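Novice: Heads up, the sequence shown is in my numbering, so the first residue is 96 and it goes up one at a time.
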Amino acid sequence: MKRDHSILYLSREDIVKIGGESSDLYVQAVSRSLELHARKDFVQPLKPYLRVNNSHIADRIIAMPAYIGGEKPVSGLKWIGSKHDNPRVRGKERASGLIILNDPESNYPIAVMEASLISGMRTAAVTVIGARYLARQGFRSVACVGCGLIAHMQLRSLLEQFPDIATVHLFDLHQDAAIRLADELQERFPRVKAVVADSAKDAIREGEVIVTCTVTDTPYIPYEWLQKGAFVSNISIMDLHKEVFLKADKVVVDDWDQANREKKIINQLVLEGRFSREQLHAELGEILIGVKPGRETDDEIIVLNPMGMAVEDITSAQEVYQRALNANVGTWLSLY
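(1) For the putative contact between L280 and V287, defined by C-beta atoms under 8 Å, what is the C-beta separation to the nearest angstrom?
(2) If I measure Cβ to Cβ from H151 and keep anything under 6 Å in the same chain, skipping five residues before and after, which residues do I get?
(3) Mind reading off the beta-carbon distance from D198 to F234? Whole number of angstroms is fine, and I expect it under 8 Å.
(4) Less than 9 Å between the C-beta atoms of A230 and L265, yes or no?
(5) Which two residues bound the contiguous beta strand (DSSP E) that contains E357?
(6) Is there a Cβ from chain B that is less than 9 Å from the Cβ of H264?
(7) Mapping the DSSP letters down to three states, classify F340 as helix, strand or coil.
(8) Nearest CA to the CA of D297: which residue from L120, S191, M333 and D267?
(9) Whose CA, out of L212, P314 and C308, lies closest to the CA of I175?
(10) Alpha helix (DSSP H) containing N421: first to last residue?
(11) Return the residue from the list S191, R155, I316 and V327 that minimises the CA-CA distance to S236.
(12) In chain order, which beta strand (DSSP E) runs of at least 3 residues are fully inside the segment 208–265?
(13) Any contact of the segment 367–375 with the segment 338–350, i.e. 3+ C-beta pairs under 8 Å?
(14) Please state if the CB of P143 and the CB of A158 are separated by a distance shorter than 9 Å.
(15) With distance defined between alpha-carbon atoms, name the residue in N148, N400 and D334 nearest to P432.
(16) Report the three-state DSSP secondary structure of K296 (helix, strand or coil).
(17) In this structure, does DSSP put S126 in helix, strand or coil?
(18) Where does S170 fall in DSSP's three states?
(19) Are three or more beta carbon pairs between the segment 389–405 and the segment 125–142 nearer than 8 Å?
(20) Who pairs with R155 in a beta bridge, going by DSSP?
(21) What residues in its chain sit with their C-beta under 6 Å from that of T410, if we drop five residues either side in the sequence?
(22) Considering only the alpha carbon of each residue, which of K387, I274, P168 and S294 lies closest to A133?
(23) Between the Cα of V138 and those of V147, P168 and T392, spot the shortest distance and give me the residue it belongs to.
(24) From E108 to V221, what does the alpha carbon distance come to, in whole angstroms?
(25) In the DSSP assignment, find the unbroken beta strand (DSSP E) run with G192 in it and report its ends.
This is how it looks when you write it as structure tokens:
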């Protein structure tokens, strides 16, 4: 019996070498995963959360397995942990992890790679894709609350993909973080004016597109802060008051079963009998394949509430893996 199997290990530096900081890679890969998700050509068990001592909502390790079909089937797992105080207390990034890819024919592992860059960039791609279908055409202003690493990826991806964006409004409880991000954005994208707001309210009221990038466990954004026609990419999940979901013209998720759990806001509303699958406008993939409409009028207020799906990570990691093979990047490790 053959026992010569090897796997390719990719560090974050390896991933960057083959274009892993470019939004194009992830928009393409995540679009494919969302379309296959809508066509039911996937397997994705509900992700378990490993929590200890009932700590902060962002303190957990998540296992995210998935199989994605189509012309390039692949299986895999993202194993990602975070602590909300890692940056402040330990000088580390909030999240870290690994992605393992498996050949679905043999189920043997074929690659292991650093996960947090891929995870953050595929999340930014979801916002980009959401904005293409759910934001007002030609939008020029973006508001972002929370100015850490995830915000950097979100805004960089939006600015790369939407050249009409002229102004970015930023707020962070730690103003120095907002100032740093503003400086970085204006240096990289000279066309953009980055404004540091005095409050979340001031930032959000200016945004045609609004992105939440916090670790809050307490909603703070009321419906009244949103301008007509706003699109909200609620990446950090817990930022919006319940009334926003009830009053918005359209609520979209990535996956209903994933969104309706873990006592997140939608799940709370369902348990209270105030929201249901029938009240949901669509899963995002349904809009991509044309089963459901995206934005239909300029005045609609639309909320995208993406919990994050393993299929997005696995298709993105598969693209990274293929590029690494083509460029002869990475380190081969013997399984035995």
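Each residue gets a CB set at the ideal place from its N, CA and C atoms; glycine is no exception.
Bear in mind the structure is a predicted one, so any value in this text is a computation, not a measurement.
Specialist: In brief:
(1) Within the sequence shown, numbered from 1, the residue matching residue 280 stands at position 185. Within the sequence shown, numbered from 1, the residue matching residue 287 stands at position 192. Indeed they touch by this definition, with Cβ atoms about 6 Å apart.
(2) What you label residue 151 is simply residue 56 of the sequence shown in a count that begins at 1. Hits under 6 Å: H179.
(3) Taking the first residue of the sequence shown as 1, we reach residue 198 at position 103. Taking the first residue of the sequence shown as 1, we reach residue 234 at position 139. Their Cβ separation, rounded to whole angstroms, is 42 Å, which puts D198 and F234 out of contact at 8 Å.
(4) Along the sequence shown, read from residue 1 onward, the residue named residue 230 stands at position 135. Along the sequence shown, read from residue 1 onward, the residue named residue 265 stands at position 170. If you check the CB distance, A230 and L265 do not come in under 9 Å.
(5) Looking up residue 357 in the sequence shown gives position 262. Here E357 belongs to no beta strand (DSSP E), and DSSP marks it neither H nor E.
(6) Given the protein chain composition of this structure (a single chain), no chain B is represented.
(7) Stepping through the sequence shown from its first residue, residue 340 is reached at position 245. DSSP places F340 in helix when its eight states are reduced to three.
(8) Here the question's residue 297 lines up with position 202 in the sequence shown. Closest by alpha carbon: D267.
(9) As a working note, residue 175 is residue 80 in the sequence shown. When each option's Cα is compared against that of I175, the closest is L212.
(10) For the purposes of this step, residue 421 is taken as residue 326 along the sequence shown, with counting starting at 1. N421 -> alpha helix (DSSP H) spans A405 to A422.
(11) In the sequence shown, the residue the question calls residue 236 occupies position 141. When only C-alpha atoms are compared, the closest one is V327.
(12) Segments of the beta strand (DSSP E) lying fully in the segment 208–265: 236–240.
(13) Taking 8 Å as the limit for Cβ pairs, the verdict is that the segment 338–350 does touch the segment 367–375.
(14) Locating residue 158 in the sequence shown gives position 63, where the first residue counts as 1. Locating residue 143 in the sequence shown gives position 48, where the first residue counts as 1. Yes, Cβ-Cβ distance for A158 and P143 is below 9 Å.
(15) Since the displayed the chain opens at 96 and closes at 431, residue 432 lies outside it and no answer follows.
(16) Reading the sequence shown from its first residue, position 201 is the one you call residue 296. Helix.
(17) In the sequence shown, residue 126 corresponds to position 31, counting from 1. If DSSP states are grouped into helix, strand and coil, S126 belongs with the helices.
(18) As a first step, residue 170 is located in the sequence shown; it is residue number 75 there, counting from the start. Strand.
(19) Yes, they touch.
(20) Taking the first residue of the sequence shown as position 1, residue 155 is located at position 60. Its beta-bridge partners are S177.
(21) The residue given as residue 410 occupies position 315 in the sequence shown. Its chain contains A124, R127, S128 and I163 as the residues whose beta carbon lies nearer than 6 Å to that of T410, once the 5 sequence neighbours on both sides are disregarded; these appear in chain order.
(22) Walking along the sequence shown from the start, residue 133 turns up at place 38. Of the listed residues, the one whose Cα sits closest to A133 is K387.
(23) Here residue 138 refers to the residue found at position 43 when the sequence shown is read from its first residue. The residue with the shortest Cα to Cα distance from V138 is P168.
(24) Indexing the sequence shown from 1 puts residue 108 at position 13. Indexing the sequence shown from 1 puts residue 221 at position 126. The straight-line gap from Cα to Cα measures roughly 23 Å.
(25) Working through the sequence shown from its first residue, we reach residue 192 at position 97. That run of the beta strand (DSSP E) goes A190 to N197.
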